[in-house]
Each structure stands twice: as structure tokens, then as C-alpha cells.
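J.: Before anything else, here's the structure in question.
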Amino acid sequence: MTLTVNDVKRIADLAYIEIDDKEAQDTLTQLTGIFNLIESMQAVDTASVEPMSHAQSVAQRLREDRVSETVERERYQSIAPQVEAGLYLVPQVIE
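If you're matching positions, the sequence shown starts at 3 in this note's numbering and goes up one per residue.
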């Protein structure tokens, strides 16, 4: 992909970024380097490379799936100021 200084200035304008000529030229140089790197990476033949989910061959350690907490709803509601049908009643704050 080829960009010009005018393209960089237009992009900066669309992004509401003020940019002078030197900054536009510096940005163009950096973007050109990035695009060249992308082109060289796309040129690599990866047809024989198997897709991976991670760069290293690692396995997730699993733990036993067991209940660690109990439901104590009745105990918590027994000390609440007002409860009705299993719900906590609170004062109305918005009219």
C-alpha cells in the first residue's frame, strides 16, 4: 500500500489531529515501514504451518469441580429489616 503526505494529512484531519509538514513526513515514513513489514510477512508461505491457539505447547491445569460455598439465603434474610416473598424490601428513593 502506498501513501502520500497528503493521505497522512487527510487522515489526521479526519481524526481531528493537527499535524505540520514535518510530522506528516515522519508519520509517512513510519507507516511506510509498517506496511513494508506487513507485506514481507504476507509473502511468507504458511500453507504447511498448522494453526495454533498459543505460541507454546501448554496445557491448562484443571482443578476438581466441587462446591465451595453454600447458599445461606434464609440466614441472611432472617436478619434483614424487611423481606417479602424472598426479596429484600428497601425504602423508595426515587418518586
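Note that the Cβ used here is the ideal one computed from N, Cα and C, for glycine as well.
Of the residues T4, I81, V69 and P93, which one's Cα is nearest the Cα of I36?
T.: Residue numbering aside, residue 36 sits at position 34 when the sequence shown is read from its first letter. Considering only alpha carbons, the answer is T4.
J.: Check for me: the alpha helix (DSSP H) holding R68 runs from which residue to which?
T.: The residue labelled residue 68 in the question sits at position 66 within the sequence shown. Unbroken run through R68: none, as it is neither H nor E.
J.: V7 and L33 look like a contact to me (Cβ under 8 Å); what is the Cβ gap, rounded to whole Å?
T.: Here residue 7 is taken as the residue at index 5 of the sequence shown, counted from 1. Here residue 33 is taken as the residue at index 31 of the sequence shown, counted from 1. So it is not a contact: roughly 11 Å between Cβ atoms.
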